[in-house]
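Protein chains in written order, with my numbering: chain A, 7 to 261; chain B, 16 to 368.
Where a beta carbon is used, it is the ideal one built from N, C-alpha and C, also for glycine.
Given the structure is predicted, the values throughout are model-derived calculations rather than measurements.
Contents: one structure, followed by commentary.
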């Protein structure tokens with residue numbers, strides 16, 4: 007669905023991404039992980055079509071991103087940003103409706119879709135609230151619902167769980183995994199390696215703009231590799247209930 | 016089924032939406048009443064019966080009522096309609112600019128579009144430019160209004176985190192003083208008879224109104240409303256920030272060009288015939304938002320109607336506060352709008368925004 011081929015991005019002599027290649031087929035949840043400044047959000051921005059790479063190609067459904075018009079692209083991919091902006095006191099349900107405002111979808115399905123998306127992330131009781139007065143976590147869930155109702159085959163999520171409590175982290179990523187299982191292509195930038203391990207089926211570990219490793223959580227989350235990339239000693243344990251690894255930091259870090 | 020917690024996005028409790036039809040009807044009635052008040056207020060006393068009689072014979076004066084006929088058809092009616100059109104245009108332009116800049120403090124007067132447009136008009140007068148006949152002045156006002164809006168947008172472009180109030184207002188100060196300085200040079204160069212018409216630009220007035228400007232601005236105001244309202248959905252999405260608006264399908268660059276052209280057109284049309292009348296574009300959309308919420312589908316027409324009503328009422332005040340003289344209406348709106356603006360700024364500061 008979304009293919010990244012030998013992508014590089016250079017801005018003012020700074021190489022932000024170098025020779026990144028990965029494929030995100032429909033039906034998969036890909037997590038982009040890596041330390042701060044590794045290029046995760048930059049890569050997601052390229053996938054969203056915010057800017058063109060200086061080398062290589064980003065293809066969506068077989069065509070380069072640059073060939074799509076704005077409206078056409080909005081029908082194919084939705085993007086959940088790291089921080090949500092809202093400039094006027096819209097109601098929460100109106101913010102969620104914005105996801106569908108310019109989509110060519112049957113209008114009679116709009117309300118059902120909006121209600122379902124709000125119920126999924128448990129913001130239905132906030133429907134008539136002024137969205138400017140929401141907490142960070144409530145804002146993130148509202149944005150998630152808005153992105154959800156855009157109903158696109160590709161979903162790009164930039165740190166979707168950063169502001170959420172434990173329950174909503176789990177719920178949101180389970181929802182994302184469900185969509186992936188239903189055939190959507192989901193890509194998420196994640197900081198929490200354990201959430202990534204539990205919900206993603208493909209991990210891409212970025213280090214200084216390059217892909218250090220990619221594969222299943224068991225392939226990528228190796229103690230030595232993480233220690234090298236994150237410059238922090240870790241232990242990797244099997245999850246007591248799920249079939250995935252768990253990463254915990256250990257104390258003998260660098261001074 | 017979940018219930019609401021009582022804290023709503025507007026003054027309408029619970030899941031309820033404002034009763035739009037009733038509000039439109041109410042505002043229409045208020046405008047009709049305002050219009051009736053405007054045509055029956057003035058220095059020359061015209062009785063209601065006389066007024067009705069001359070209203071029914073627009074083309075020729077009924078016998079014995081030439082004065083009443085002239086007062087109604089040549090003075091009061093075009094003037095009231097002009098106030099309605101100019102107020103509506105300015106308020107619409109304000110609402111659209113606030114959406115474009117993502118900033119409720121944007122207003123054609125405050126950020127400098129009005130003084131930019133006014134500079135163009137003054138330039139046309141002083142340099143005696145006459146390339147488009149009677150359209151030269153509006154065209155000059157539009158062109159310089161357009162360039163000014165574009166310039167302000169480039170300088171005060173909203174960032175990802177939203178509109179930066181301080182920046183926009185500082186740029187407004189700078190643009191206003193630059194346009195003011197250039198207008199000052201032109202004033203210095205102007206001849207005595209030109210000076211009189213220049214004074215008119217700086218204070219704003221409806222006293223020179225005739226039918227020709229009414230017929231000129233009416234199609235512009237109507238076209239402005241229709242075209243702006245077509246951008247209502249993209250304007251709503253723009254509240255998510257430029258990047259996210261783009262992600263949801265808004266061609267932000269094209270939208271920006273259209274909004275700048277339309278706000279410049281509306282502001283320039285108003286400025287070209289009545290000079291700079293400030294604060295209508297700030298006050299009206301703000302009040303409308305507190306009543307019906309920020310959605311542009313209704314915000315734009317309500318602002319147009321509310322702005323027209325406000326300016327028409329302000330003009331009644333301007334004509335009747337110190338008869339037989341009249342106070343320039345720009346001074347009146349600034350007297351009311353200035354304190355409102357201060358209140359808005361201090362309230363936003365208190366709210367951390």
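Please report the distance separating the alpha-carbon of residue 153 of chain B from that of residue 256 of chain B. As a working mapping, residue 153 of chain B is identified with position 138 in the second chain. As a working mapping, residue 256 of chain B is identified with position 241 in the second chain. Each residue's Cα considered, the two are about 33 angstroms apart.
Cα-Cα separation, residue 56 of chain A to residue 69 of chain A: What you label residue 56 of chain A is simply residue 50 of the first chain in a count that begins at 1. What you label residue 69 of chain A is simply residue 63 of the first chain in a count that begins at 1. If I take the Cα positions, the gap works out to 16 angstroms.
Cβ distance (whole Å) where residue 286 of chain B is taken to contact residue 133 of chain B below 8 angstroms: As a working mapping, residue 286 of chain B is identified with position 271 in the second chain. As a working mapping, residue 133 of chain B is identified with position 118 in the second chain. Contact check for residue 286 of chain B and residue 133 of chain B: beta-carbon distance about 5 angstroms, within the 8 angstroms limit, so the pair qualifies.
Among A:38, A:173, A:171, A:129, nearest to residue 152 of chain A - alpha-carbon criterion: In the first chain, counting from the first residue as 1, residue 152 of chain A sits at position 146. The candidate whose alpha carbon is nearest that of residue 152 of chain A is A:129.
Taking Cβ-Cβ distances shorter than 7 angstroms, what residues in chain A pair up with residue 255 of chain B? The residue you call residue 255 of chain B lines up with position 240 of the second chain. Ordered by position in chain A, the residues that pass the 7 angstroms Cβ test against residue 255 of chain B are 91, 92, 104.
Ignoring anything shorter than 4 residues or poking outside the region 123-157 of chain A, list the alpha helix (DSSP H) runs there in chain order. Within the region 123-157 of chain A, the runs of alpha helix (DSSP H) at least 4 residues long that lie entirely inside it are, in chain order, 142-155.
Segment contact flag, the region 303-314 of chain B with the region 272-287 of chain B, C-beta cutoff 8 angstroms, min 3 pairs: Segment contact: the region 303-314 of chain B against the region 272-287 of chain B, fewer than three CB-CB distances shorter than 8 angstroms; contact not assigned.
With C-beta atoms as the reference, is residue 120 of chain B less than 8 angstroms away from residue 359 of chain B? Translated into positions along the second chain, residue 120 of chain B becomes position 105. Translated into positions along the second chain, residue 359 of chain B becomes position 344. Result yes, Cβ atoms of residue 120 of chain B and residue 359 of chain B sit closer than 8 angstroms.
Do you know how far the Cα of residue 254 of chain A is from the Cα of residue 240 of chain A? As a first step, residue 240 of chain A is located in the first chain; it is residue number 234 there, counting from the start. As a first step, residue 254 of chain A is located in the first chain; it is residue number 248 there, counting from the start. A direct Cα-to-Cα measurement between residue 240 of chain A and residue 254 of chain A gives close to 6 angstroms.
Cβ separation of residue 104 of chain B and residue 284 of chain B, assumed to be a contact under 8 angstroms, to the nearest whole Å: In the second chain, residue 104 of chain B corresponds to position 89, counting from 1. In the second chain, residue 284 of chain B corresponds to position 269, counting from 1. Indeed they touch by this definition, with Cβ atoms about 6 angstroms apart.
Report the residue from B:158, B:355, B:50, B:327 whose alpha carbon sits nearest the alpha carbon of residue 344 of chain B. As a first step, residue 344 of chain B is located in the second chain; it is residue number 329 there, counting from the start. Answer by Cα proximity: B:327.
Around the Cβ of residue 238 of chain A, are there at least 16 other Cβ atoms within 10 angstroms (buried) or fewer (exposed)? Here residue 238 of chain A is taken as the residue at index 232 of the first chain, counted from 1. Under a 10 Å Cβ-count criterion, residue 238 of chain A is classified as exposed, with fewer than 16 other Cβ atoms of the shown protein chains found around its own Cβ.
Is residue 136 of chain A buried or exposed, if buried means 16 or more other CB atoms sit within 10 Å of its CB? Looking up residue 136 of chain A in the first chain gives position 130. Counting C-beta atoms within 10 angstroms of its own C-beta, residue 136 of chain A has 16 or more neighbours from the protein chains shown and is therefore classed as buried.
Classification of residue 331 of chain B by the beta-carbon crowding that lies within 10 angstroms, buried from 16 upward: Indexing the second chain from 1 puts residue 331 of chain B at position 316. Classification of residue 331 of chain B: buried, given that the 10 Å Cβ count is 16 or more.
Straight-line CA distance for residue 132 of chain A to residue 193 of chain B? Start at 1 with the first residue of the first chain, and residue 132 of chain A comes out as number 126. Start at 1 with the first residue of the second chain, and residue 193 of chain B comes out as number 178. Their Cα atoms are separated by approximately 47 angstroms.
Give me, in chain order, the residues of the same chain whose beta-carbon lies closer than 6 angstroms to that of residue 94 of chain B; leave out the 5 immediate sequence neighbours on both sides. Along the second chain, one-based indexing puts residue 94 of chain B at 79. For residue 94 of chain B, where only same-chain residues beyond five positions count, the Cβ hits under 6 angstroms are 221, 224.
Residue 248 of chain B versus chain A: which residues are under 7 angstroms apart at the beta carbon? Taking the second chain and counting its residues from 1, one reaches residue 248 of chain B at position 233. By Cβ distance, chain A contributes 107, 108.
Locate the beta strand (DSSP E) running through residue 86 of chain A, then write down its first and last residues. In the first chain, counting from the first residue as 1, residue 86 of chain A sits at position 80. The continuous beta strand (DSSP E) containing residue 86 of chain A extends over residues 83-86.
Pull up the distance between the alpha-carbon of residue 201 of chain A and that of residue 156 of chain B, whole angstroms please. Locating residue 201 of chain A in the first chain gives position 195, counting from the first residue. Locating residue 156 of chain B in the second chain gives position 141, counting from the first residue. Cα-Cα distance, rounded: 59 angstroms.
Would you grab the beta carbon distance between residue 164 of chain A and residue 192 of chain A for me? Rounded to a whole angstrom, and I think it's under 8 angstroms. One-based indexing of the first chain puts residue 164 of chain A at position 158. One-based indexing of the first chain puts residue 192 of chain A at position 186. In fact, because the Cβ distance is near 12 angstroms, the residues do not count as touching under 8 angstroms.
Quick check on residue 156 of chain A - is its C-beta less than 8 angstroms from some C-beta in chain B? On the first chain, position 150 is the one that residue 156 of chain A refers to. Closer than 8 angstroms to some Cβ of chain B, the Cβ of residue 156 of chain A qualifies, so yes.
Please classify residue 133 of chain B: does DSSP put it in a helix, a strand, or coil? In the second chain, residue 133 of chain B corresponds to position 118, counting from 1. Reduced to three states, the DSSP call for residue 133 of chain B is helix.
Residues within the region 304-329 of chain B neighbouring chain A, beta-carbon criterion of under 8 angstroms: Of all residues in the region 304-329 of chain B, 304, 308, 309, 310 have a Cβ within less than 8 angstroms of some Cβ in chain A.
Could you spell out where the alpha helix (DSSP H) holding residue 251 of chain B opens and where it closes? In the second chain, the residue the question calls residue 251 of chain B occupies position 236. Start and end: 247-253.
Counting C-beta neighbours from all protein chains within 10 Å, is the total for residue 305 of chain B 16 or more, i.e. buried, or is it exposed? As a working mapping, residue 305 of chain B is identified with position 290 in the second chain. Counting C-beta atoms within 10 angstroms of its own C-beta, residue 305 of chain B has fewer than 16 neighbours from the protein chains shown and is therefore classed as exposed.
Does residue 293 of chain B pass the burial test, meaning 16 or more other C-beta atoms within 10 Å, or should it be called exposed? Here residue 293 of chain B corresponds to residue number 278 of the second chain, with the count starting at 1. Result: buried.
Is the Cβ of residue 265 of chain B closer than 8 angstroms to any Cβ of chain A? Taking the first residue of the second chain as 1, we reach residue 265 of chain B at position 250. Closer than 8 angstroms: yes.
Which listed residue (B:55, B:140, B:39) has its alpha carbon closest to that of residue 376 of chain B: This structure cannot settle anything about residue 376 of chain B, because the visible part of chain B is limited to 16 through 368.
Can you have a look at residue 175 of chain A and say buried or exposed, based on whether 16 or more other CB atoms are within 10 angstroms of its CB? Within the first chain, numbered from 1, the residue matching residue 175 of chain A stands at position 169. It is buried - the Cβ of residue 175 of chain A has at least 16 other Cβ atoms within 10 Å.
For residue 286 of chain B, the first and last residue of its enclosing alpha helix (DSSP H): Walking along the second chain from the start, residue 286 of chain B turns up at place 271. Run containing residue 286 of chain B: 267-289, per the alpha helix (DSSP H) assignment.
So for residue 74 of chain B, helix, strand or coil by DSSP? On the second chain, residue 74 of chain B is found 59 positions in, with the first residue counted as 1. The answer is coil: DSSP assigns residue 74 of chain B none of H, G, I, E or B.
Can you tell me whether DSSP reads residue 32 of chain B as helix, strand or coil? Stepping through the second chain from its first residue, residue 32 of chain B is reached at position 17. For residue 32 of chain B, the three-state secondary structure derived from DSSP is coil.
Euclidean distance between Cα positions of residue 74 of chain B and residue 110 of chain B: Here residue 74 of chain B is taken as the residue at index 59 of the second chain, counted from 1. Here residue 110 of chain B is taken as the residue at index 95 of the second chain, counted from 1. Rounded to the nearest angstrom, the gap between the Cα atoms of residue 74 of chain B and residue 110 of chain B is 38 angstroms.
Excluding the 5 residues flanking residue 267 of chain B on each side, which residues of the same chain have their C-beta closer than 6 angstroms to its C-beta? The count along the second chain starts at 1 and reaches residue 267 of chain B at position 252. Once the five neighbours on either side are set aside, the close Cβ partners of residue 267 of chain B are 257, 260, 261.
Who are residue 40 of chain A's beta bridge partners in DSSP? Locating residue 40 of chain A in the first chain gives position 34, where the first residue counts as 1. Beta-bridge partners assigned by DSSP to residue 40 of chain A: none are found.
When you compare the region 178-193 of chain A with the region 20-34 of chain A, are there three or more beta-carbon pairs, one atom per stretch, that lie closer than 8 angstroms? Cβ pair count under 8 angstroms is three or more, so yes.
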